[in-house]
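Going by full-length UniProt numbering, the sequence shown opens with residue 1, and the numbers climb by one from there. Quick notes on the structure that follows.
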Amino acid sequence: MQDTGKGGASAKPPPNSLADADDVKSPLFDLEEQIPVFQPGSQAMAMFVPLEHSLFDPFDAPETKAEQLKASLENMEKHSAAVQDNIMFIYERERRRILRHAKILEGANGIVETDVGISAQEEEAMMAFVDAPMPLDADYSTRYLSTYTAPNAPPECPPRQAAILWSLYNAGQELDQLAGYGAHAQGILDEYKKALAQELTSVVDKPAQDGNASQP
Numbered sequence: 001m002q003d004t005g006k007g008g009a010s011a012k013p014p015p016n017s018l019a020d021a022d023d024v025k026s027p028l029f030d031l032e033e034q035i036p037v038f039q040p041g042s043q044a045m046a047m048f049v050p051l052e053h054s055l056f057d058p059f060d061a062p063e064t065k066a067e068q069l070k071a072s073l074e075n076m077e078k079h080s081a082a083v084q085d086n087i088m089f090i091y092e093r094e095r096r097r098i099l100r101h102a103k104i105l106e107g108a109n110g111i112v113e114t115d116v117g118i119s120a121q122e123e124e125a126m127m128a129f130v131d132a133p134m135p136l137d138a139d140y141s142t143r144y145l146s147t148y149t150a151p152n153a154p155p156e157c158p159p160r161q162a163a164i165l166w167s168l169y170n171a172g173q174e175l176d177q178l179a180g181y182g183a184h185a186q187g188i189l190d191e192y193k194k195a196l197a198q199e200l201t202s203v204v205d206k207p208a209q210d211g212n213a214s215q216p
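This is how it looks when you write it as structure tokens:
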């Protein structure tokens, strides 16, 4: 986040600064909070979830394979939900760090106003896509597919604009991680559900098979 502001340090933030934002006024926002910069791989911490019960406490072990599968499935559902909560917390913390960093820079150097509109070149490129004819045999009946694309890492820019762009980038990374982990966890849960269904079916069919085998 580049500091390109001009002007001396000021004890009072400039008007309409990031200090006026609702996020900054929130009790969750603490200017003194020391949040480390997000590093690649930091999201891996989300997989660690505190134990609900001590491993040294006695417990009733499952008596059947079906009971074991049910218990495993229940534990994995709880764990996957907790991991997703952790992922959201990690990226929410990074969002607070981004706002905090921008607020400090802007409070010290003042607001750097920039043109928030699109350039003539950007408008020309956008309209070229709008006016382009539909390709022959094109099939656009794919509304069930997501058109979302995670934003790229922003370039260097003044604090306020950088906070906006980095917050969008951070949100995009969060969505990507949530979707990836969600698909991974769901695949495992589906396998256990399938195994449980097969086990319950075999338990129901076994008495019938035993009865048929006992007939002369």
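Every residue gets a Cβ at the ideal spot worked out from N, C-alpha and C, and that includes glycine. Everything numeric in this text was worked out from a predicted model, so none of it was measured.
(Q) Check for me: the alpha helix (DSSP H) holding ALA81 runs from which residue to which? (A) Looking at the DSSP string, the run of the alpha helix (DSSP H) that includes ALA81 is 65–109.
Q) Are the beta-carbon atoms belonging to ASN170 and TYR91 less than 7 Å from one another? A) Result yes, Cβ atoms of ASN170 and TYR91 sit closer than 7 Å.
Q.
GLU199 and PRO159 - do their beta-carbons sit closer together than 7 Å?
A. Their beta carbons are not under 7 Å apart, which means PRO159 does not touch GLU199 by this criterion.
Q.
Tell me the DSSP secondary structure of MET45 in three-state form.
A. Looking at MET45 - three-state DSSP - the assignment turns out to be helix.
Q.
Just to confirm before moving on: does the CB-CB distance between LEU196 and ILE87 stay below 7 Å?
A. Against a cut-off of 7 Å, the Cβ pair of ILE87 and LEU196 comes out as no contact.
Q. Taking just the CA atoms, how far does MET76 sit from residue 274?
A. Nothing in the structure corresponds to residue 274, since the chain is present only between 1 and 216.
**Q.** CB of ALA138 within 7 Å of CB of GLY172, strictly
**A.** Result no, Cβ atoms of ALA138 and GLY172 do not sit closer than 7 Å.
**Q.** Top-ranked residue by Cα proximity to MET45, from GLU113, SER72, ASP85
**A.** Here the closest residue by C-alpha is ASP85.
Q) CA-CA distance, ALA108 and ILE118? A) If you draw a straight line from the Cα of ALA108 to the Cα of ILE118, it is about 28 Å long.
Q) Mind checking GLN43: buried by the 16 CB within 10 Å criterion, or exposed? A) Under this definition GLN43 is a buried residue.
Q: Tell me where the alpha helix (DSSP H) around GLN121 begins and ends.
A: That run of the alpha helix (DSSP H) goes 120–131.
Q) Is LEU189 helix, strand or coil when you go by DSSP? A) Annotated three-state conformation of LEU189 is helix, per DSSP.
Q) Is ASN152 helix, strand or coil when you go by DSSP? A) If DSSP states are grouped into helix, strand and coil, ASN152 belongs with coil.
Q: Let me know if ALA162 comes out buried or exposed under the rule of 16 or more other beta-carbons within 10 Å of its beta-carbon.
A: It counts as buried.
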